[in-house]
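A.B. asks:
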Amino acid sequence: MSSAVPFWRAAGMTYIGYSNMVASAVRKCLKEPYRSEALGREKVHFTISKWSDGKPEKPTLRTDSAEE
Amino acid sequence: MFRHASRFLIRAAAGDGRSHGRTSAVAVARAFSSDVPAAPSQDTAFIEAWKKVAPNIEPPKTPLEFMKPRPPTPSAIPSKLTVNFVLPYQSEISSKEVDMVIIPATTGQMGVLPGHVATIAELKPGLLSVHEGTEVTKYFVSSGFAFIHANSFADIVAIEAVPIDRIDPSLVQKGLTDFTQKLSSATTDLEKAEAQIGVDVHSALNAALSG
Chain A
1450 MSSAVPFWRA AGMTYIGYSN MVASAVRKCL KEPYRSEALG REKVHFTISK
1500 WSDGKPEKPT LRTDSAEE
Chain B
75 MFRHASRFLI RAAAGDGRSH GRTSAVAVAR AFSSDVPAAP SQDTAFIEAW
125 KKVAPNIEPP KTPLEFMKPR PPTPSAIPSK LTVNFVLPYQ SEISSKEVDM
175 VIIPATTGQM GVLPGHVATI AELKPGLLSV HEGTEVTKYF VSSGFAFIHA
225 NSFADIVAIE AVPIDRIDPS LVQKGLTDFT QKLSSATTDL EKAEAQIGVD
275 VHSALNAALS G
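Protein sequences, first through last, are from chains A and B.
Using my numbering, the letters of the first sequence correspond one by one to residues 1450 to 1517.
Using my numbering, the letters of the second sequence correspond one by one to residues 75 to 285.
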């Protein structure tokens, strides 16, 4: 008998993906000042530097906020 | 089932071996961290060597000496439960002594009293209530884990937890109807799972607001 997997794992999601999805759903249901603070917490800022011929090119700054 | 048999044989042999004065490393049952003695450990050989070379200077402290060891499991059931409730961005409750905590485990609402058996519980979206005397503090927890130790310490970690008065009921209703509609129109497994997650979370939010 195969082990009982939660439905999200059967659909290919990992625990952390599931957990982040639940957290973002909760954040979207908050009252106003808390909601904007919480959504600000979800933002991810990172820079990507591509290298060519052993030299770095100009880095690009990316900002990912919670996708809809 | 018989994978651990060799370990038990070694343990049994170790018990007999000690009486014959065996000096080689004997397989001793490993102590749980809650049974480790309360005194911070010091490396005596290092301290002796230091004192020979620099007797007037205090030997430096190693990280282990700074760490407070976990309080041992008391023999009588303690009267209070010590709770640590942390989120990634702040610690909500830090070493607070309470009477009871009700956690939303995947197996159902679990009440944790002092003296609870050591448990690791995965949490589902739901209500966490901390009971101290007559006051009850309620949080809605998104998901996480609760580690209950044998010495009546409970460590609860969650990704997002909000006091229930910060939740907006109209947004919850709207979310619930949206996701129920997505669930009926979903085609792939992944879409169905995402919609199911939305429905679960919003129903739990609804139940928390009304319960």
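Note that the Cβ used here is the ideal one computed from N, Cα and C, for glycine as well.
To the nearest angstrom, report how far apart Ala-235/B and Ile-131/B are at their CA atoms.
C.D. replies: For the purposes of this step, residue 235/B is identified with residue 161 of the second sequence, where counting begins at 1. For the purposes of this step, residue 131/B is identified with residue 57 of the second sequence, where counting begins at 1. For Ala-235/B and Ile-131/B, the distance between alpha carbons rounds to 48 Å.
A.B. asks: Give me the DSSP bridge partner(s) of Ala-179/B.
C.D. replies: Here residue 179/B corresponds to residue number 105 of the second sequence, with the count starting at 1. Per DSSP, Gly-182/B, Leu-197/B.
A.B. asks: Looking at the secondary structure, which residues open and close the beta strand (DSSP E) in which Thr-211/B lies?
C.D. replies: In the second sequence, counting from the first residue as 1, residue 211/B sits at position 137. Its beta strand (DSSP E) spans residues 209-215.
A.B. asks: Leaving out five residues on either side along the sequence, give the residues of the same chain with a beta carbon under 6 Å from the beta carbon of Leu-1510/A.
C.D. replies: On the first sequence, residue 1510/A is found 61 positions in, with the first residue counted as 1. Around Leu-1510/A: Thr-1496.
A.B. asks: Quick one: using the 10 Å Cβ neighbour count with 16 as the cut-off for buried, is Thr-156/B buried or exposed?
C.D. replies: Position 82 of the second sequence, counted from the first residue, corresponds to residue 156/B. Buried.
A.B. asks: Pull up the distance between the alpha-carbon of Gly-185/B and that of Ala-119/B, whole angstroms please.
C.D. replies: To locate residue 185/B, count along the second sequence from 1; it is residue 111. To locate residue 119/B, count along the second sequence from 1; it is residue 45. Looking at the two C-alpha atoms, the distance is approximately 47 Å.
A.B. asks: Taking the beta carbon of Val-100/B as the centre, do at least 16 other beta carbons fall within 10 Å, making it buried, or is it exposed?
C.D. replies: As a first step, residue 100/B must be located in the second sequence, where it is residue number 26. Its pLDDT being 46, under 50, Val-100/B is placed unreliably in this model, and the coordinates cannot settle the point.
A.B. asks: Kindly indicate if chain B contains any beta-carbon less than 8 Å away from that of Ser-1452/A.
C.D. replies: Position 3 of the first sequence holds residue 1452/A. Not one chain B Cβ lies under 8 Å of Ser-1452/A.
A.B. asks: For the stretch 136-179 of chain B, which segments carrying the beta strand (DSSP E) assignment without a break, of at least 3 residues, lie completely within its bounds, in sequence order?
C.D. replies: DSSP runs (the beta strand (DSSP E)) wholly in the stretch 136-179 of chain B: 155-160, 165-172, 174-179.
A.B. asks: Using 8 Å as the threshold, is the C-beta distance between Pro-178/B and Ile-233/B below it?
C.D. replies: Stepping through the second sequence from its first residue, residue 178/B is reached at position 104. Stepping through the second sequence from its first residue, residue 233/B is reached at position 159. For Pro-178/B and Ile-233/B, no; Cβs fall outside 8 Å.
A.B. asks: Can you grab the Cα-Cα spacing for the pair Met-174/B / Asp-229/B, in whole Å?
C.D. replies: Here residue 174/B corresponds to residue number 100 of the second sequence, with the count starting at 1. Here residue 229/B corresponds to residue number 155 of the second sequence, with the count starting at 1. Rounded to the nearest angstrom, the two C-alpha atoms are 13 Å apart.
A.B. asks: Strictly below 7 Å CB to CB, what residues from chain A border Val-275/B?
C.D. replies: Taking the second sequence and counting its residues from 1, the one referred to as residue 275/B is at position 201. Residues of chain A passing the Cβ test: Val-1471, Ala-1474, Val-1475.
A.B. asks: Where in the stretch 1479-1513 of chain A do unbroken runs of the alpha helix (DSSP H), each at least 4 residues long, occur, reported from the N-terminal end onward?
C.D. replies: 1481-1490, all fully within the stretch 1479-1513 of chain A.
A.B. asks: I need the DSSP call for Gly-218/B, collapsed to helix, strand or coil.
C.D. replies: In the second sequence, counting from the first residue as 1, residue 218/B sits at position 144. In this structure, Gly-218/B counts as strand in the three-state DSSP scheme.
A.B. asks: Which of helix, strand or coil does DSSP assign to Ile-230/B?
C.D. replies: Start at 1 with the first residue of the second sequence, and residue 230/B comes out as number 156. In this structure, Ile-230/B counts as strand in the three-state DSSP scheme.
A.B. asks: Measure from the alpha carbon of Asn-158/B to the alpha carbon of each residue in Pro-148/B, Lys-170/B, Ala-150/B, Lys-142/B, then state which is nearest.
C.D. replies: Here the question's residue 158/B lines up with position 84 in the second sequence. Minimum Cα distance to Asn-158/B is reached at Lys-170/B.
A.B. asks: Please confirm whether Lys-266/B has its beta-carbon closer than 8 Å to some beta-carbon of chain A.
C.D. replies: To locate residue 266/B, count along the second sequence from 1; it is residue 192. Taking Cβ atoms only, chain A reaches closer than 8 Å to Lys-266/B, which makes this a yes.
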